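> Counting with UniProt numbering, you get residues 1 to 264 for the letters of the sequence shown. Please find one structure pasted underneath; my questions will follow.
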Amino acid sequence: MALQFPEIDPIIFSIGPLSVRWYGVMYLIGFAFAMWWANKEADKPNSGWTKDEVSDLLFYGMLGVILGGRIGYVLFYQFSHFLENPMYLLRIDQGGMSFHGGALGVIAGIFIFAWRFKKSPLAVGDFVVPMVPVGLLAGRIGNFINGELWGRATDVPWAVVFPTGGPIARHPSQLYEAFLEGLVLFIMLIWYRKQPRPAGSVAGLFLLGYGTFRFIVEYFREPDAHIGLYAGVISQGQILSLPMVIGGLGLMLWSHKRTATARA
Numbered sequence: 001m002a003l004q005f006p007e008i009d010p011i012i013f014s015i016g017p018l019s020v021r022w023y024g025v026m027y028l029i030g031f032a033f034a035m036w037w038a039n040k041e042a043d044k045p046n047s048g049w050t051k052d053e054v055s056d057l058l059f060y061g062m063l064g065v066i067l068g069g070r071i072g073y074v075l076f077y078q079f080s081h082f083l084e085n086p087m088y089l090l091r092i093d094q095g096g097m098s099f100h101g102g103a104l105g106v107i108a109g110i111f112i113f114a115w116r117f118k119k120s121p122l123a124v125g126d127f128v129v130p131m132v133p134v135g136l137l138a139g140r141i142g143n144f145i146n147g148e149l150w151g152r153a154t155d156v157p158w159a160v161v162f163p164t165g166g167p168i169a170r171h172p173s174q175l176y177e178a179f180l181e182g183l184v185l186f187i188m189l190i191w192y193r194k195q196p197r198p199a200g201s202v203a204g205l206f207l208l209g210y211g212t213f214r215f216i217v218e219y220f221r222e223p224d225a226h227i228g229l230y231a232g233v234i235s236q237g238q239i240l241s242l243p244m245v246i247g248g249l250g251l252m253l254w255s256h257k258r259t260a261t262a263r264a
């Protein structure tokens, strides 16, 4: 027994040649939440942030997500295609975004913003990361509605038969990611930052948490057909997540050690 994929039209409505898709709306939800959250945090007493700084930060962040996400997808998942046709990088109509590439883009944006406004990159990172999981949650729901990035074959009672995945019952891995990388990670970050933490430790927890959750879910997600599993064991997503786990853990340990040393 398996659940049939719900009949959800990925296009909400069309006006002439313009189509509004659920996936695009999910991106807008993520950006809208980030804008609301950042302004709410900036309004707190002694936040150290102004509305103009928040506006510029969000611009750098959105630019990093879009450019980094596209470039990362092409380099990490379609590099051979890019070598054959470099213009493929600009063919956004053919889809393809990478979270790991988007994360690198946002990190670059954080450093540029911090340099321009003379702020600590670690403090800026701590300010940014709580906004990210809600966008991830919305994006993974968008993947589910599109019937893409489905999971591996399974016989669990909640398995889903996706229209684009053949007659095989599969893990709804998009929803696993929405739950872990979105809801659970958001709760973890909000709980952790309730108490004063060393600069960089909140960003470190995000990297550690996302990398760990993504590594786990990759065991249930169907590997990219043109890449498969390296040595029949590890996926491209897991390889890209390992540096996040190591870097996040290292950042947390370093930030706490630095603070303890400064207090000694």
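Ideal placement from N, C-alpha and C gives every residue a C-beta, glycine not left out. All values derive from a computational prediction rather than experimental measurement.
Going by beta-carbon coordinates alone, are residue 215 and residue 238 separated by less than 7 Å?
On the sequence shown, position 215 is the one that residue 215 refers to. On the sequence shown, position 238 is the one that residue 238 refers to. Yes, the pair counts as a contact, with Cβ atoms nearer than the cut-off.
> Leaving aside the five residues before and after residue 71 along the sequence, list all residues of the same chain whose C-beta is less than 6 Å from its C-beta, in chain order.
Working through the sequence shown from its first residue, we reach residue 71 at position 71. Answer for residue 71: 101, listed in chain order.
> Touch check for the stretch 245-264 and the stretch 107-116: three-plus C-beta pairs under 8 Å?
No: the two stretches stay apart, fewer than three of their Cβ pairs being nearer than 8 Å.
> Here's the rule I'm using: 16 or more other beta-carbon atoms within 10 Å means buried, otherwise exposed. How should residue 53 be labelled?
Against the sequence shown, residue 53 aligns to sequence position 53. Residue 53 is buried by the Cβ-count criterion.
> Pairs of beta-carbons, one from the stretch 200-207 and one from the stretch 147-165, closer than 8 Å: are there three or more?
At 8 Å Cβ cutoff, the stretches do not touch.
> Between residue 229 and chain C, is there a C-beta pair that is closer than 7 Å?
Of the protein chains in the structure, only one exists, and it is not chain C.
> Buried or exposed: which applies to residue 173, given that a residue is buried once 16 or more other Cβ atoms fall within 10 Å of its Cβ?
Translated into the one-based positions of the sequence shown, residue 173 becomes position 173. It is buried - the Cβ of residue 173 has at least 16 other Cβ atoms within 10 Å.
> What first and last residue would you give for the alpha helix (DSSP H) that runs through residue 214?
Indexing the sequence shown from 1 puts residue 214 at position 214. Counting along the chain, the alpha helix (DSSP H) containing residue 214 begins and ends at 201-217.
> Tell me the rounded alpha-carbon separation between residue 6 and residue 103.
Walking along the sequence shown from the start, residue 6 turns up at place 6. Walking along the sequence shown from the start, residue 103 turns up at place 103. Each residue's Cα considered, the two are about 31 Å apart.
> Would DSSP call residue 195 helix, strand or coil?
To locate residue 195, count along the sequence shown from 1; it is residue 195. Reduced to three states, the DSSP call for residue 195 is coil.
> Give the range of the beta strand (DSSP E) segment to which residue 5 is assigned.
One-based indexing of the sequence shown puts residue 5 at position 5. Per DSSP, residue 5 belongs to no beta strand (DSSP E) and is neither H nor E.
> By DSSP's criteria, residue 19 is part of a beta bridge. Which residues make up the other side?
To locate residue 19, count along the sequence shown from 1; it is residue 19. BP columns for residue 19 point to 14.
> How is residue 250 classed by DSSP in three states: helix, strand or coil?
As a first step, residue 250 must be located in the sequence shown, where it is residue number 250. Three-state result, residue 250: helix.
> Quick one: give me the first and last residue of the alpha helix (DSSP H) that residue 91 is part of.
Stepping through the sequence shown from its first residue, residue 91 is reached at position 91. Unbroken run through residue 91: none, as it is neither H nor E.
> Kindly list the residues whose CB is nearer than 7 Å to the CB of residue 137, restricted to its own chain and excluding five residues on each side of it in sequence; keep chain order.
Locating residue 137 in the sequence shown gives position 137, where the first residue counts as 1. Once the five neighbours on either side are set aside, the close Cβ partners of residue 137 are 178, 182 and 183.
> Answer yes or no: do residue 13 and residue 134 have a C-beta to C-beta separation smaller than 7 Å?
Counting from 1 along the sequence shown, the entry for residue 13 is found at position 13. Counting from 1 along the sequence shown, the entry for residue 134 is found at position 134. No, the Cβ-Cβ distance between residue 13 and residue 134 is not below 7 Å.
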